[in-house]
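Protein sequences appear in the order of chains A and B. According to the working numbering, the first sequence is numbered sequentially starting from 1. According to the working numbering, the second sequence is numbered sequentially starting from 1. Yeah, the Cβ is synthetic: ideal placement off N, Cα and C, and Gly gets one too. Remember, it's a predicted structure, so these values are computed and weren't measured experimentally. Read through the structure below, which is laid out as structure tokens, and then see the notes.
Protein chains: 2
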Amino acid sequence: MKITIHDVARRAGVSTATVSLVLHNKRKISEETRKRVLKAIQELNYHPSQVARGLVLKQTGNIGFVLTEDHFLRTEPFYTRIFLGTEFEARDSNYFVLLATIPNDFFDDTPLPRFVMQQNVDGIIIAGKVPLKFLDKLRSYNFPLVFVDYYPPRGTYSAVLIDNIRGGMIATDHLIELGHQKIAFIGGDLQHPSISERYLGYKLALEKHGLTYDADLVVTGEQSTSKENGYRAVCALLDKKTEFTALFACNDAMAMGAMECLKKRGIKIPEQVSIVGFDDIEQDAFLDPPLTTIAVPKPDLGIEAMKLMQDILNKNIRTNKKVLVPVELVVRKSTTRLRD
Amino acid sequence: MKITIHDVARRAGVSTATVSLVLHNKRKISEETRKRVLKAIQELNYHPSQVARGLVLKQTGNIGFVLTEDHFLRTEPFYTRIFLGTEFEARDSNYFVLLATIPNDFFDDTPLPRFVMQQNVDGIIIAGKVPLKFLDKLRSYNFPLVFVDYYPPRGTYSAVLIDNIRGGMIATDHLIELGHQKIAFIGGDLQHPSISERYLGYKLALEKHGLTYDADLVVTGEQSTSKENGYRAVCALLDKKTEFTALFACNDAMAMGAMECLKKRGIKIPEQVSIVGFDDIEQDAFLDPPLTTIAVPKPDLGIEAMKLMQDILNKNIRTNKKVLVPVELVVRKSTTRLRD
DNA sequence: TTGAAAGCGCTAACAC
DNA sequence: GTGTTAGCGCTTTCAA
Numbered sequence: 001m002k003i004t005i006h007d008v009a010r011r012a013g014v015s016t017a018t019v020s021l022v023l024h025n026k027r028k029i030s031e032e033t034r035k036r037v038l039k040a041i042q043e044l045n046y047h048p049s050q051v052a053r054g055l056v057l058k059q060t061g062n063i064g065f066v067l068t069e070d071h072f073l074r075t076e077p078f079y080t081r082i083f084l085g086t087e088f089e090a091r092d093s094n095y096f097v098l099l100a101t102i103p104n105d106f107f108d109d110t111p112l113p114r115f116v117m118q119q120n121v122d123g124i125i126i127a128g129k130v131p132l133k134f135l136d137k138l139r140s141y142n143f144p145l146v147f148v149d150y151y152p153p154r155g156t157y158s159a160v161l162i163d164n165i166r167g168g169m170i171a172t173d174h175l176i177e178l179g180h181q182k183i184a185f186i187g188g189d190l191q192h193p194s195i196s197e198r199y200l201g202y203k204l205a206l207e208k209h210g211l212t213y214d215a216d217l218v219v220t221g222e223q224s225t226s227k228e229n230g231y232r233a234v235c236a237l238l239d240k241k242t243e244f245t246a247l248f249a250c251n252d253a254m255a256m257g258a259m260e261c262l263k264k265r266g267i268k269i270p271e272q273v274s275i276v277g278f279d280d281i282e283q284d285a286f287l288d289p290p291l292t293t294i295a296v297p298k299p300d301l302g303i304e305a306m307k308l309m310q311d312i313l314n315k316n317i318r319t320n321k322k323v324l325v326p327v328e329l330v331v332r333k334s335t336t337r338l339r340d
Numbered sequence: 001m002k003i004t005i006h007d008v009a010r011r012a013g014v015s016t017a018t019v020s021l022v023l024h025n026k027r028k029i030s031e032e033t034r035k036r037v038l039k040a041i042q043e044l045n046y047h048p049s050q051v052a053r054g055l056v057l058k059q060t061g062n063i064g065f066v067l068t069e070d071h072f073l074r075t076e077p078f079y080t081r082i083f084l085g086t087e088f089e090a091r092d093s094n095y096f097v098l099l100a101t102i103p104n105d106f107f108d109d110t111p112l113p114r115f116v117m118q119q120n121v122d123g124i125i126i127a128g129k130v131p132l133k134f135l136d137k138l139r140s141y142n143f144p145l146v147f148v149d150y151y152p153p154r155g156t157y158s159a160v161l162i163d164n165i166r167g168g169m170i171a172t173d174h175l176i177e178l179g180h181q182k183i184a185f186i187g188g189d190l191q192h193p194s195i196s197e198r199y200l201g202y203k204l205a206l207e208k209h210g211l212t213y214d215a216d217l218v219v220t221g222e223q224s225t226s227k228e229n230g231y232r233a234v235c236a237l238l239d240k241k242t243e244f245t246a247l248f249a250c251n252d253a254m255a256m257g258a259m260e261c262l263k264k265r266g267i268k269i270p271e272q273v274s275i276v277g278f279d280d281i282e283q284d285a286f287l288d289p290p291l292t293t294i295a296v297p298k299p300d301l302g303i304e305a306m307k308l309m310q311d312i313l314n315k316n317i318r319t320n321k322k323v324l325v326p327v328e329l330v331v332r333k334s335t336t337r338l339r340d
């Protein structure tokens, strides 16, 4: 049988109210009884029932974490790491995280995660891009929401985002400082905020260093930022006979594709072309050459999201705060000083 | 304000008990009132509070899912898929799944997942190999346990396992049926049940077809079943000048390493050596040539685990049942008929 | 500073 | 068939 607050009260010779009071150190409790109660708790190894607590407090102690199926199953454990950060932070703060995946195609009759229908969470963290239809359906429940690595096109929300602009900037800075002037950029769909921000960082860096932006050096518009599209983008650049000595790819997947294309055409990396990616995925260090990239601290994204959620829950206000998680340049072997 | 059972009762003009009764269609309720209640539930969009329910029923409605950090973060989403299966099955059965990762190194003072300390789950599913120390600490809580893809060395448990013996057998059968006689096996640590079972399947298939087992064709003992070790194992085979026309690798990672080594030495796959792997990981289809392998239905493992857990929870007995999830041969391009 | 008691939303005897 | 009621474990006024 599970130990209850009554057991503790009896053993400490006090009322259940007192136990509850010391548990949450509310009001003034004499040091003496406080000690007695604490001792009883220790001895009985008592852990308050979250369920009973939730019933009276009208909170569940759970936080929902929503991810599309695609994102959860990605080979690269990007969102998995974010989730881990959230789970980690939740431990300290006495929350449980309920993970739910939703389909990538969300229709009017697609059911919402059970924890929203049953109102079994106090707030919801949404990681990565999700269907707008999902958000529409979710809205009426009025849950506190925190977005991670995604910001919906309309509306104002609390969110934890990657500092993409700065990332794009320091990636480009790095290349410029190595003496490069003809720096290509390959990206995907510019509608996607992360990509357009990285692109913006690229342009800002050029500007800062007094280099002129050259549209010929830029390939964007690919639907997805996949390895294949990175391959294609660089081939296109090469086919147009565009000259460049360095390349900033909007993510590591595209950078990998770029490397393949360059290798196939006999172009040496980094001797002839230096490459910087973005994300710092697992494989980077094992590529040939190991890829210089912008590291994104994935667990931090999850931790910050959970912290933000707690802020909202505790202060009981919708802050609509945006947190930008800092990124970092990781120099490996795919970039080198320009020689002439 | 959330809708409660009282609101429904009032609207339907019945008592809360009646509402509860129709909710769980216990006892006989007149068709007429049943309809009225159902209608009220509909109109109010009522969802019973799991929390309140849990309090009286003394269940939490949660299932814990434990994974080591390494397994959760593996690039290949093996356990992630298993988790997804569990989550999926849980939806129907009105359970929530609480995921917790534990460190790979578990010491006496490493804290248990919070849901065990707070007894906030009805049972725990443990996926993959976990530290024995963890199991030791867990034991005293007396939770219903279901293991997935792992079976502790001591004790009797409920578990969902891959049918490794059969997998090893059909992999080898396939090669034999293609005319191969000299079939090599590369595996890792034979202490690991999955590996020794696949190895056993290999031997059983040979026996079944009247082929004699040749120890020279077998390389085992590598610590981990990594790509690198697959590479090394095949190199060792080649260096010993062992002749073989086919190879069964105990998993796809090793098979990939094997392919690399063979290619490097100028040996053609499948013309000179046919290869079968095990697991059917994501990349298999994109290898050159695409890898023939034994497919493991990962989500099924998770689904079966959840079903088994429900069995245990509903019938309130510890079945200690073992469920073997069937595997399947997937023929791609890495195997071909032996020519002479 | 501490205790008595009400009540959170639900279920299950038991009574009618 | 349906309603009354006690009670699950906890928090929180209110009173002492």
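Interface residues of chain A facing residue i [CB-CB closer than 7 Å]
i, result
"Met-117(B)", "His-47"
"Gln-50(B)", "Gln-118 and Asn-120"
Residue i - DSSP class collapsed to helix/strand/coil
i, result
"Glu-222(B)", "coil"
"Glu-328(A)", "strand"
"Val-130(A)", "coil"
"Val-19(A)", "helix"
"Gly-201(A)", "helix"
"Thr-4(B)", "coil"
"Asp-189(A)", "coil"
"Ser-196(B)", "helix"
"Val-296(A)", "coil"
"Ile-170(B)", "helix"
"Gly-123(A)", "strand"
"Asp-288(A)", "coil"
"Val-14(B)", "coil"
"Asp-109(A)", "coil"
"Leu-178(B)", "coil"
"Tyr-322(B)", "It should be pointed out that residue 322(B) corresponds to Lys in this sequence rather than to Tyr. Reduced to three states, the DSSP call for Lys-322(B) is strand."
"Leu-217(A)", "helix"
"Ile-267(A)", "coil"
CB of residue i within 8 Å of CB of residue j, strictly
i, j, result
"Thr-212(B)", "Ile-275(B)", "no"
"Leu-313(B)", "Gly-123(B)", "yes"
"Ala-236(B)", "Val-218(B)", "no"
"Met-117(B)", "His-24(A)", "no"
"Leu-291(A)", "Asp-252(A)", "yes"
"Thr-293(B)", "Met-254(B)", "no"
"Asn-45(A)", "Thr-156(A)", "no"
"Tyr-79(A)", "Ala-127(A)", "yes"
"Glu-282(B)", "Thr-75(A)", "yes"
"Leu-175(A)", "Phe-248(A)", "yes"
"Glu-222(B)", "Ala-215(B)", "no"
"Ile-165(B)", "Glu-197(B)", "yes"
"Ile-29(A)", "Val-8(A)", "no"
"Ile-102(B)", "Val-296(B)", "no"
"Val-327(B)", "Gly-210(B)", "no"
Cross-chain neighbours of residue i in chain B, by beta carbon under 9 Å
i, result
"Pro-77(A)", "Phe-72, Leu-73, Arg-74, Thr-75, Pro-77 and Thr-80"
"Thr-4(A)", "Going along chain B, no residue has its Cβ under 9 Å from Thr-4(A), so there is no contact; the nearest lies around 11 Å."
"Arg-91(A)", "Ala-100, Pro-111, Pro-113 and Arg-114"
"Thr-68(A)", "Simply none; closest approach about 12 Å."
Within chain B, the residues that residue i reaches when beta carbons sit closer than 8 Å
i, result
"Glu-344(A)", "Absent from the model: residue 344(A). The displayed extent of chain A is 1 to 340, so no value can be given."
"Phe-96(A)", "Asn-62, Leu-98, Arg-114, Phe-115 and Asn-120"
"Glu-282(A)", "Thr-75"
"Gly-54(A)", "Val-51"
Contacts of residue i in chain A (Cβ-Cβ under 9 Å)
i, result
"Gly-221(B)", "What Gly-221(B) touches in chain A: nothing, since even the nearest Cβ is about 25 Å away."
Partners in chain A for residue i, counting only beta-carbon separations shorter than 8 Å
i, result
"Leu-84(B)", "Glu-69, Phe-72, Leu-73 and Thr-101"
Quiz item: Which ranges would you report for the beta strand (DSSP E) in the region 31-106 of chain B if only whole runs of at least 3 residues count?
Solution: List check, beta strand (DSSP E) in window: 62-68 and 96-102.
Exercise. Would you check if the region 293-301 of chain B and the region 73-91 of chain B touch, i.e. whether three or more CB-CB distances between them fall below 8 Å?
Key: Judged by pairs of C-beta atoms under 8 Å, the region 73-91 of chain B touches the region 293-301 of chain B, as three or more such pairs exist.
Quiz item: Taking contact to mean at least 3 C-beta pairs separated by less than 8 Å, is the region 139-155 of chain B in contact with the region 67-79 of chain A?
Solution: At 8 Å Cβ cutoff, the stretches do not touch.
Self-check item: Segment contact flag, the region 94-104 of chain A with the region 31-38 of chain A, C-beta cutoff 8 Å, min 3 pairs
Solution: No, the region 94-104 of chain A is not in contact with the region 31-38 of chain A.
Exercise. Take every Cβ of the region 236-246 of chain B, pair it with every Cβ of the region 179-186 of chain B, and state whether three or more of those distances are shorter than 8 Å.
Key: Judged by Cβ distances under 8 Å, the region 236-246 of chain B makes contact with the region 179-186 of chain B, as three or more pairs qualify.
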